Ligand code: ADP
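As structure tokens, then:
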């Protein structure tokens, strides 16, 4: 399967991103751009915890990749002046791994558990007791002679992060005192992220270049920062001291990221849908064969963005291109031949369709 990681517009972190991302991460709540509601909720939570002089409630951060969940967890730690331990669901293979981490935490420490929806079942069950009673039962021995020895834990704050809150079992979800849902950023906020990052990188950048990059960043700070680095590299190679609009357009078209943030695969999917299947409906596997990709790649990589932004829709009869999808690849959509505003080729669909 072609992975999402190879794409400039992938919201998933890459190895090459990590050093650059750490350098650009905001360190305080006031530096964190956008997400006003979440920021003020967390601010209240932290202020109250500081007043009580006790660790904050467990916090669940949910939302698509690249929107700032890890950044917020680090900010929580620095605002609480608490140490932070970072791990992730897939890194914990046995309940014992988690018990070892929990029992070595310090009073008030923050445990950041990324991709918490991928925690193995036994570890998840162990977490229930740990979150609620700050206790784990360590099982000693095997079979009928096995005994559970309760082990008291320090008061810690669990910060869980997930891209799939819907996959969390409710007993786990319910044990979080507070859930913050991060949403995609609007273009002004992304422009602000780019302006801030450019300043930190010591780059001079024109306003129009900022807007150009912002428009192609899919509402995701991680993508914005990555595209900014691409434009910086391009400008450097071409001897520009200041990052200009022309550097942004040239660099991003070189990386095949178009003016709305669609990349080669996104456009190939749309184009196949429109030109080969007359806008659909067509089944996922047929569509995937038409673009020479695995169904899974099309479904998990291209489709969420195309659906969320109203270029295509999922219907019970298959995938269809929306009017906006037709136009984006340079074709006029056929006149609606069914009732309702969101009908193409006789197929009704909801707008905006779900991104799940
Ligand atoms: P997630 O954990 O949700 O995948 P991260 O917290 O790792 O995302 O964020 C990715 C990068 O985007 C960070 O390195 C940071 O530089 C940048 N970023 C995320 N959110 C913001 C924000 N609100 N303001 C400024 N930069 C941000």
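In our numbering, the protein residues as written are 120 to 475.
Beta carbons: idealized from backbone N, C-alpha and C, even for Gly.
In this text, all values refer to a predicted model and were calculated from it rather than measured experimentally.
Within a Cβ cutoff of 6 Å, which residues of the same chain sit near residue i, ignoring the five residues on either side of it in sequence?
i	result
residue 296	176 and 177
residue 303	338
residue 139	none
residue 199	none
residue 137	none
residue 284	181
residue 354	362 and 366
Kindly indicate which three-state DSSP category residue i falls into: helix, strand or coil?
i	result
residue 536	Nothing about residue 536 can be read from this structure; the chain reaches only from 120 to 475.
residue 236	helix
residue 282	coil
residue 207	strand
residue 154	coil
residue 259	strand
residue 212	coil
residue 327	helix
residue 181	strand
residue 127	coil
residue 265	coil
residue 146	coil
residue 318	helix
residue 339	coil
residue 168	helix
residue 186	coil
residue 224	coil
residue 163	helix
residue 287	coil
residue 475	Since pLDDT at residue 475 reaches only 36, below the 50 mark, its modelled position is unreliable, and no value is offered.
residue 137	helix
residue 241	helix
residue 380	coil
residue 370	helix
residue 247	helix
residue 197	helix
residue 496	Examination of residue 496 is not possible in this model, given that the chain is present from 120 through 475 alone.
Thinking residue i and residue j are a contact (beta carbons under 8 Å), I'd like their distance in whole angstroms, please.
i	j	result
residue 274	residue 308	Rounded, the Cβ-Cβ distance is 35 Å, inconsistent with contact.
residue 180	residue 257	About 29 Å; that fails the 8 Å criterion.
residue 259	residue 218	The Cβ separation is near 12 Å, so there is no contact.
residue 301	residue 247	Going by Cβ atoms, the distance from residue 301 to residue 247 rounds to 25 Å, so no, they are not a contact pair.
residue 371	residue 349	7 Å
residue 381	residue 392	Not a contact, Cβ separation roughly 13 Å.
residue 211	residue 186	Not confirmed; about 23 Å, so no contact.
residue 202	residue 243	About 24 Å; that fails the 8 Å criterion.
residue 150	residue 376	That belief does not hold up - the Cβ atoms of residue 150 and residue 376 are roughly 27 Å apart, past 8 Å.
residue 437	residue 398	No, residue 437 and residue 398 are not in contact; Cβ-Cβ is about 11 Å, not under 8 Å.
residue 232	residue 208	7 Å
residue 236	residue 286	4 Å
Could you name the residues of the same chain whose beta carbon sits closer than 7 Å to that of residue i, not counting the 5 residues immediately before and after it, in chain order?
i	result
residue 144	190 and 193
residue 472	Below a pLDDT of 50, predicted positions are generally treated as unreliable, and residue 472, at 41, falls in that range; the measurement from the model is reported next regardless. So the qualifying residues of the chain are 426, 432 and 433.
residue 385	421, 424 and 425
residue 363	325 and 328
residue 368	331
residue 313	329, 332, 333, 343 and 347
In the DSSP output, which residue or residues are listed as bridge partners for residue i?
i	result
residue 276	229
residue 254	271
residue 310	None; residue 310 has no bridge partner.
residue 495	Coverage of the chain is limited to positions 120 through 475, which leaves residue 495 absent and any answer about it impossible.
residue 298	179
residue 362	324
Excluding sequence positions up to five away, which residues of its chain have a Cβ less than 8 Å from the Cβ of residue i?
i	result
residue 390	448
residue 146	193, 194 and 197
residue 272	221, 222, 224, 249, 253, 254 and 255
Residue ranges of each alpha helix (DSSP H) within the region 392 to 465, 4 or longer
Listed in chain order, they are 403 to 409, 422 to 427 and 442 to 447.
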